[in-house]
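27 is the number of the first residue of the sequence shown in our numbering; add one for each residue after it. We put the beta carbon where it would ideally sit given N, CA and C, even for glycine. Here the structure is a predicted model, which is why all the values come from computation and not from measurement.
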Amino acid sequence: MYQNEGRVLITRVAPEPARALRRQFKSAVYHETARCLTLARTPLPKRSGTVAVLCAGTSDLPVAEEAAVTADFMGNRVERLFDVGVAGLHRLLGRIDVVQRANVIVVVAGMEGALPSVVAGLVSRPVIAVPTSVGYGASFGGVAALLGMLNSCGSGVTVVNIDNGFGAGYAASQINALAAEGVGAVAESRASRERPPA
């Protein structure tokens, strides 16, 4: 893949296989928290707009980082806001301007999975909800968060599967790419209207 494409993203890589890959590919970068390894001859240029990646608690970090690394690797500017769950809502509200500026928001949460609904109520952007398998007692390995997110009353919430940071980052990249194309098309249309007739 690397020989043909020049770019590879590998997810769910444990430290030992990552070390072996880094010995073989000197340009490989291991993102330990995300458990991802990236190889790129040249990085993609960053498109306009941002993807915001939020996570409720520190135990959600591996999934949130997987989403962030994926979106970044696909040519997006990524804003990370971590530990902004509903138990500390003031931390989210203190950075809400960053969230509202993003073209798309990935929200990662375990427990009861309430954070995506809260965020959807505060923004007019697509929200991609990612349930995580962390939690206590009756979290059922993320099923409680998944069901909470699927039943969200927040408009514009789309849900990926449990612990699927890659899927969320990939979808967010596609949405941001469409938004960037739309901005480019509007600018081109405006410029063509402002050109003097020949």
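Asked	Found
Secondary structure of Arg227, DSSP reduced to three states	A query on residue 227 cannot be resolved here, the shown segment of the chain reaching from 27 to 224 and no further.
Residue nearest to Pro88 in terms of C-alpha spacing, selected from Leu173, Val133, Thr68, Leu47	Val133
Boundaries of the beta strand (DSSP E) in which Val76 is found, first to last residue	For the sequence presented, residue 76 should be read as Thr rather than Val. 76 to 81 is the extent of the beta strand (DSSP E) around Thr76.
Closest residue to Glu42 among Asn30, Ala128, Glu58 (Cα-Cα distance)	Glu58
CB of Val130 within 7 angstroms of CB of Val77, strictly	yes
Ala234 to Leu63 span [Cα, whole Å]	Nothing can be reported for residue 234, as the shown portion of the chain is limited to 27 through 224.
Sub-7 angstroms separation of Asn99 and Cys81 beta-carbons	With the sequence shown as reference, residue 99 is identified as Phe, and Asn is not the correct amino acid for it. Against a cut-off of 7 angstroms, the Cβ pair of Cys81 and Phe99 comes out as no contact.
Touch test, the region 184 to 195 against the region 152 to 168, Cβ-Cβ under 8 angstroms, three pairs minimum	yes
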